[in-house]
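Working notes for the structure below.
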Amino acid sequence: MNRLTHVKIIFLFLSYDLQRRNCKNDCQVAVTNQSSQVKPPRAIHMDLGIISPIYCDNRITLSFHAIRTYIRQQFVHIIREEFGPVEYIAGVATGGIAQGALVAQEFGLPFVYVRSEKKKHGLENKIEGRIEPGKSVVIIEDLVSTGSSSLAAFHALTEAGFIVKGMVAIFSYNLEIAKENFKEAKCRLITLSDYNSLINEALESNYISDDELHSLVKWRENPENGVHRFPKSYNSGPASAEAVFNFTRDLNNFEKLMPEQVINWKSSENECEFDIKGMAHISLIKAEEEPGKRILIVSKPDNPVELKIEAFCENESGTGSTAYLVLSANLSPILRIMASGPMQNLVNIMADRLKTVFSV
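Okay, here's the thing in structure tokens:
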């Protein structure tokens with residue numbers, strides 16, 4: 069697997085071609101002394117474990133009056149032109165909060181923002197602000213990668229009774245998975261700029277070389293770089309996200325989630341190994357841990373296939389939580405044909421058994 073050059077690009081100016089109305093974007097990129105150098109290879113994680121070669125720090129735009137004013141004006145123009153009258157503006161935490169508040173101020177409208185998960189104290193809100201079912205709203209986001217976190221806000225507002233007209237954002241990677249997710253959710257998305265505009269401007273500004281451009285284009289064509297993902301989401305019943313996290317952070321507990329084909333199980337809190345009957349020996353180790361939220365388990369170097377298991381969870385409005393399991397595997401085309409079904413079945417079984425653990 070080729071390591072891409074990781075670049076940190078700060079947007080200091082974005083222009084949107086409003087006259088042509090064909091979403092042709094032109095971005096001028098400026099960088100500070102701290103961010104004007106090509107960074108050494110470093111993993112920049114996006115939703116569902118996809119690794120990005122670029123980090124877009126849109127929050128830095130808030131530090132520049134002219135730039136944040138420009139972004140606010142373009143958002144306001146798009147909302148008026150594309151969505152018509154609207155009664156609320158909503159921001160997605162955390163990057164969309166400030167931009168959303170600026171837009172709401174310009175319109176003279178009420179503002180709410182949506183947390184990634186329910187607050188764990190006080191009123192335990194997921195949506196902060198006055199909720200008025202039946203009111204129309206446009207969502208403000210700073211960046212869209214796979215769309216999963218952005219659309220979580222869309223679903224939260226819809227479930228609360230708002231009529232969501234669509235979403236506007238500063239930047240999108242234009243990933244196919246995001247397009248599919250927004251299409252499935254029936255949520256319209258308009259952005260000020262995108263990945264292709266960014267890397268073209270970076271080349272013209274001599275911020276990246278032709279070779280680096282080639283790598284960046286290749287990543288855009290295949291962001292998963294041969295890694296195939298088998299996700300499963302499920303409601304954990306009355307269990308909190310913290311309870312699900314505490315269970316999954318101990319790899320001893322994963323024995324309870326495995327199907328009958330898994331034998332010769334050995335484990336500790338941070339490692340496990342087992343045999344898949346008639347197939348292979350697998351050894352895994354815990355690699356990352358975000359307290360109360362996310363666990364990443366990876367295969368050891370001697371495994372026949374590179375594997376990752378990611379478990380993350382979030383509290384939902386009312387009671388209980390929603391948890392996600394994602395199995396990732398670096399598969400050749402032939403292995404993908406042979407193993408995709410069994411791997412998805414494995415994730416489904418693990419999710420069903422985890423749900424059973426918390427329904428008892």
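Heads up, the sequence shown is in the working numbering, so the first residue is 69 and it goes up one at a time. Glycine residues also receive a C-beta, built at the ideal position from the N, C-alpha and C atoms.
Problem - Sub-8 Å separation of T316 and I363 beta-carbons - result: For this step, residue 316 is matched to residue 248 along the sequence shown. For this step, residue 363 is matched to residue 295 along the sequence shown. In contact: T316 and I363 (Cβ atoms closer than 8 Å).
Practice task
Could you tell me if R183 is buried or exposed, where buried requires 16 or more neighbouring beta carbons within 10 angstroms of its beta carbon?
Solution key: Counting from 1 along the sequence shown, the entry for residue 183 is found at position 115. By the 10 Å Cβ count, R183 comes out buried.
Practice task
Could you check the C-alpha separation between M235 and I331 for me, to the nearest Å?
Solution key: Residue mapping note: residue 235 aligns to position 167 of the sequence shown, counting from 1. Residue mapping note: residue 331 aligns to position 263 of the sequence shown, counting from 1. For M235 and I331, the distance between alpha carbons rounds to 48 Å.
Exercise for the section: Quick one: residues in its chain with C-beta nearer than 8 Å to the C-beta of G360, no 5 flanking neighbours on either side, listed in chain order? Expected result: Counted from its first residue, the sequence shown places residue 360 at position 292. Answer for G360: A309, E310, F313, listed in chain order.
Practice task
Quick one: give me the first and last residue of the alpha helix (DSSP H) that L257 is part of.
Solution key: Reading the sequence shown from its first residue, position 189 is the one you call residue 257. Element bounds for L257: not the alpha helix (DSSP H) but the beta strand (DSSP E), 257-262.
Exercise for the section: Name the two residues that bound the continuous beta strand (DSSP E) containing K376. Expected result: Walking along the sequence shown from the start, residue 376 turns up at place 308. Residue range 375-383 is occupied by the beta strand (DSSP E) that includes K376.
Practice task
Under 8 Å by Cβ, that's how I've got F250 and L219 pegged, so tell me the actual separation to the nearest angstrom.
Solution key: On the sequence shown, position 182 is the one that residue 250 refers to. On the sequence shown, position 151 is the one that residue 219 refers to. The Cβ separation is near 7 Å, so the contact holds.
Handout entry: Neighbourhood of L414 by C-beta, 7 Å cutoff - its chain only, sequence neighbours within 5 removed
Key = Counted from its first residue, the sequence shown places residue 414 at position 346. If we look at L414 and ignore the five residues flanking it on each side, its Cβ neighbours are P327, L395.
Practice task
Tell me F179's beta-bridge partners as DSSP assigns them.
Solution key: For the purposes of this step, residue 179 is identified with residue 111 of the sequence shown, where counting begins at 1. Per DSSP, I157.
Problem - Cut-off 6 Å between Cβ atoms - residues of its own chain near I181, not counting five sequence neighbours on either side - result: One-based indexing of the sequence shown puts residue 181 at position 113. At residue 181 the sequence reads Tyr, which differs from the Ile that was named. If we look at Y181 and ignore the five residues flanking it on each side, its Cβ neighbours are G159, A161, I165, E196.
Practice task
Using the Cα positions of P369 and K334, report the straight-line distance between them to the nearest angstrom.
Solution key: For the purposes of this step, residue 369 is taken as the residue at position 301 of the sequence shown. For the purposes of this step, residue 334 is taken as the residue at position 266 of the sequence shown. If you take the alpha carbons of P369 and K334, they lie about 18 Å apart.
Problem - Start-to-end residues for the beta strand (DSSP E) that takes in S277 - result: Locating residue 277 in the sequence shown gives position 209, where the first residue counts as 1. Premise fails: S277 is in no beta strand (DSSP E) and is neither H nor E.
Handout entry: Any 3 or more C-beta pairs closer than 8 Å across the segment 144-155 and the segment 168-178
Key = Segments in contact, yes.
Exercise for the section: Check the C-beta distance from I245 over to T214 and give it rounded, since I have them as a contact under 8 Å. Expected result: For this step, residue 245 is matched to residue 177 along the sequence shown. For this step, residue 214 is matched to residue 146 along the sequence shown. Indeed they touch by this definition, with Cβ atoms about 5 Å apart.
Practice task
Please look up how many angstroms separate the CB atoms of I353 and E339, rounded, as I've assumed it's under 8 Å.
Solution key: Translated into the one-based positions of the sequence shown, residue 353 becomes position 285. Translated into the one-based positions of the sequence shown, residue 339 becomes position 271. About 5 Å separates the two Cβ atoms, so the contact holds.
Handout entry: Buried versus exposed call for E272 [16 or more other C-beta atoms within 10 Å across all chains shown]
Key = Walking along the sequence shown from the start, residue 272 turns up at place 204. Answer is exposed; the Cβ neighbour count stays below 16.
Problem - Host alpha helix (DSSP H) of N371 (start-end) - result: Numbered from 1 along the sequence shown, position 303 holds the residue referred to as residue 371. Judged by DSSP secondary structure, N371 falls outside any alpha helix (DSSP H); it is assigned neither H nor E.
Practice task
Please state whether DSSP places L364 in a helix, a strand or coil.
Solution key: Counting from 1 along the sequence shown, the entry for residue 364 is found at position 296. Here L364 sits in strand by DSSP.
Exercise for the section: Could you have a look at S213 and say whether DSSP puts it in helix, strand or coil? Expected result: Within the sequence shown, the letter at position 145 stands for residue 213. The answer is coil: DSSP assigns S213 none of H, G, I, E or B.
Problem - Pairwise C-alpha distance: C124 and D262 - result: Position 194 of the sequence shown, counted from the start, is the residue given in the question as residue 262. Position 56 of the sequence shown, counted from the start, is the residue given in the question as residue 124. If I take the Cα positions, the gap works out to 11 Å.
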